[in-house]
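In this note's numbering, the protein residues as written are 74 to 270. The structure appears below as structure tokens.
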Ligand code: MN3
């Protein structure tokens, strides 16, 4: 099955003022589309043609950079659109809240560690809440990598490539991360992924 670009689950202007229409138009319509098209080209004739996206991401890591970079970013962005919602950042569903308190000591510490992972990711990449060995961890990866290739399950991820925030925040990545966690995160989707563990 080839990659296809999913529609955004909300209008382009629905995340304002925290993420602008212009950012979403570039990020979804141009950047994500490029990963889809380049991924489909790279997959032609490759051994992972016809496999599930998760299997392609895991299988191509360290073996085929063109397939991995695009498949990884396709996976990351499919979830990234759903990890945001208009009016997000509110109440955290009980079982996720419990897991965050057990793993970090408090919800505030979990958010702080997640933001810190994003702030300290040097260059392009992502920061994550990753489920691994029954605990939630705050982690970071470079470029298109994600926790799947490090033995974890991503339950929340924030894109810290400049294309994700530069139009709205310029070089202020910490402000983007704080606004994202406070106003955009869709905790119901995090709970859905957490429940599939
Ligand atoms: Mn991106």
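By construction, the Cβ of each residue, glycine as well, lies at the ideal position given by its N, Cα and C atoms. Since the structure is predicted, the reported quantities are computational estimates derived from the model, not experimental observations.
Reduced DSSP secondary structure (H/G/I, E/B, other) of residue i
| i | result |
| --- | --- |
| residue 215 | strand |
| residue 210 | strand |
| residue 227 | strand |
| residue 205 | strand |
| residue 199 | strand |
| residue 86 | coil |
Same chain, Cβ closer than 6 Å to residue i, neighbours up to 5 away in sequence not counted
| i | result |
| --- | --- |
| residue 308 | With the chain running from 74 to 270 in the structure shown, residue 308 is simply not present. |
| residue 101 | 81 |
Beta-carbon contacts of residue i that lie in its chain and below 7 Å, excluding the five residues immediately before and after
| i | result |
| --- | --- |
| residue 259 | 155, 156, 157, 158 and 161 |
| residue 144 | 112, 126, 129, 130 and 133 |
| residue 142 | 216 and 217 |
C-beta atoms of residue i and residue j nearer than 8 Å
| i | j | result |
| --- | --- | --- |
| residue 147 | residue 192 | no |
| residue 81 | residue 106 | no |
| residue 88 | residue 257 | yes |
| residue 149 | residue 219 | yes |
| residue 229 | residue 180 | no |
| residue 173 | residue 209 | yes |
| residue 204 | residue 171 | no |
Cβ shell of residue i (< 8 Å), same chain only, five flanking positions each side left out
| i | result |
| --- | --- |
| residue 240 | 93, 95, 96 and 99 |
| residue 194 | 200, 213, 214, 215 and 233 |
| residue 268 | 168 |
| residue 190 | 200, 201, 211, 212 and 213 |
Residue i at chain B interface by Cβ criterion, 8 Å
| i | result |
| --- | --- |
| residue 94 | The displayed structure is made up of one protein chain only, and chain B is not part of it. |
Q | contact_flag[the region 196-210, the region 228-247] where n(CB pairs < 8 Å) is 3 or more | A | Contact holds between the region 196-210 and the region 228-247, because three or more Cβ pairs, one in each stretch, are under 8 Å apart.
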